[in-house]
Structures are given as structure tokens and as C-alpha cells.
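Below: one structure, written as C-alpha cells.
In this note's numbering, the protein residues as written are 1 to 132.
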């Protein structure tokens, strides 16, 4: 978690968005398993396969349907959260950029004024030396 504190805000948010996208992908992948009795459905990354036994009771199917619906709702919520995070980051970027520009412009004005004053002072001293 400390590494996230040291990162720029945009990079940190990007990593969070990528992680949330990965979580959504995993939920979709697991919920996309087809329920064909007695057939091998899919292999996971470790090489083990998922098999469904034939003749599942209706209550178990209802439970699976409810789980699927809950996961679908959760996916939609996560997508909305990702979008809101993206929008907030874009708005924050837009807000920070003008502020940073104003601050840089202000710094340049101060530097210009100090250099101008120094130049005027030096030119006065030089003109006094020439007049003597």
C-alpha cells in the first residue's frame, strides 16, 4: 500500500482501474461456465477442470441462477465504480492543470519582476558611473 502513496495520482488510479477490470474479468469468466451436465466445461490456469454432475436438483439450479444474478449485479456495480473513478480522475486532472499553470505563471512573473528590478538597478549604477 505504501507504494501507491508514492505514485502520482493518475498512475495509482490507473492501477486500481486495471485491478478492478481484472476482478470483473474473473467474475465474468467464472460465471460464464456453461451448465451442461456431465461435460467438462473449462480448465483453469492450474490445469484442473470443472465438471458438473448430471441431474442437478431444481433448488441447486435456482441457487446457481441467483448466484449468477448477484454476480451480474456486482459486475454492473463495479463497472459503474470504475467509470466514476475515471471521471473523477479526469476532472481532477482538469482542475489541477490550470492551478499548476497559474502557479508556474505566477512564479515566472515574480522571477521576471526581480530580474527587471535588478537590471534597472544595474543600469542606473552604470549610467551614474558614466556620468561621473
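Just so it is clear, CB atoms sit at the ideal spot from N, CA and C, and this is done for glycine as well.
Using a 10 angstroms sphere on the CB of residue 13, the tally of other CB atoms reaches 16 or more, which defines it as buried. Between the C-alpha atoms of residue 26 and residue 111 there is a straight-line separation of about 55 angstroms.
A straight-line Cα-Cα distance of about 58 angstroms links residue 113 and residue 74. Here the alpha carbon of residue 108 sits roughly 10 angstroms from the alpha carbon of residue 101. Using a Cβ distance threshold of 8 angstroms, residue 78 and residue 16 do not count as a contacting pair. Remark: C-beta atoms of residue 82 and residue 122 do not approach each other more closely than 8 angstroms. Residue 115 and residue 92 have their C-alpha atoms roughly 34 angstroms apart.
Shown here, residue 57 sits in coil according to DSSP, grouped into three states, outside any helix or strand. Excluding residues up to 5 positions away in sequence, nothing lies with its Cβ nearer than 6 angstroms to the Cβ of residue 69 in the same chain.
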